[in-house]
Each structure stands twice: as structure tokens, then as C-alpha cells.
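In my numbering, the protein residues as written are 17 to 197. Note that CB positions come from ideal geometry on N, CA and C, so glycine has one too. Beneath this line is the structure, given in C-alpha cells, with notes to follow.
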């Protein structure tokens, strides 16, 4: 294979081709044993129309409810600037290079730092009402890098582990967290 062919292969393999769909299996991003209603699902009418949010879900959760890691990983980006007009968020990168996006967190509640490892199920923040939000809720999405050299984060479809198996999140679906795997 020529050098040019090798570069094209690496670019396609690393940057353009989507991550395999079987890697999109996540625990609900809240404490085990609880359940919350999905109020906006994939392609939601209100705000899930961009590449960054097309495959996001909004969970109706009370302000102050703990937010927990849907998978283990490393915190790669966050915002906790203290201005509730701007979404407070945490991005956790997983082993397969997908990124869990947790948005609208409560000001002052983020208890992790960039570079910190988090375990699946570990609670690291609280639900808030920050940024573009009509009330307290958790916005959760699974993102991956696309483009060369990894210019853009885009959302991807995913499924949740629940008591009854795995589900694709849908609007007005109750999401229950299994107590144990």
C-alpha cells in the first residue's frame, strides 16, 4: 500500500467511519433503582435538531438529583463557570473513544476535574436548570469525533441497559435503572 493510500485508510478508519453500533450500550445516567421519564428523545422537536444533539435524550429529573456515569471513562471536558445562563456540563470519554455528554448541571455541583477517571455508576454532579433549558432536567448524549483531524463531535444513536433488557430511548418512555448487572 502506498503512503497516500495508508493515510486515506487511517483517516477513514479513525475519523470518518462511525463507531460500531454495538458499542452504544449505556446505563441510565442516574442512581441504580430509580426511574425517570424521557421528555425529549432522538430528533426531538424542541432542541434536538443539530448534529451535536440529534441523538440526545432529555430526562425529567428534579434539581439536585445525582448524575452518574453511564460508563467508566475519563473526564475530558467540562464547564463549571458559575453562570447559570450557560449550560454546566461534563464530557466523559470511554474506552471506545465515544464521549458521554451530560448537560444542564447544577451550578457548583460538578465534583470532577479534567483528567479524572470515573467508574460506571459513580455520581459526579447534580441535575440543574442551566443554559438553554425550560426547567430542571438532564440532557444526555453519546458523541464521537468526526472529520480530520477530529474537528467535530457528533451525536450517535445508543441504547440503555434497563431492568427489562436494552431499549432505544423514546419520548415519554419511563427509564428505569437496573439495580445490578
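query	result
Measuring CB to CB, does residue 144 end up less than 8 Å from residue 120?	yes
Closest to residue 199 by C-alpha separation, out of 61, 136 and 178, would be which residue?	Summary: the structure shown does not reach residue 199, with the chain confined to residues 17 through 197, and so no result is reported for it.
Is the stretch 181-194 touching the stretch 95-106 in the sense that three or more CB pairs, one from each, lie closer than 8 Å?	no
Closest by CA to residue 175, which one among 116, 81, 98 and 83?	116
Starting from residue 52 and walking both ways along the beta strand (DSSP E), at which residues does that stretch end?	51-56
Could you tell me the alpha carbon to alpha carbon distance between residue 78 and residue 122, rounded to whole angstroms?	11 Å
Using only CA atoms, which one of 80, 76 and 114 lies nearest to residue 92?	114
Could you have a look at residue 195 and say whether DSSP puts it in helix, strand or coil?	coil
Determine the burial state of residue 96: buried for a count of at least 16 other Cβ atoms within 10 Å of its Cβ, exposed for fewer.	buried
Which residue marks the beginning of the beta strand (DSSP E) containing residue 11, and which one marks its end?	In this structure the chain extends from 17 to 197, so residue 11 is not present and cannot be described.
For residue 152, tell me which candidate among 60, 76 and 72 has the shortest Cα-Cα distance.	76
Residue 139: which of 125, 55 and 146 sits nearest, CA to CA?	125
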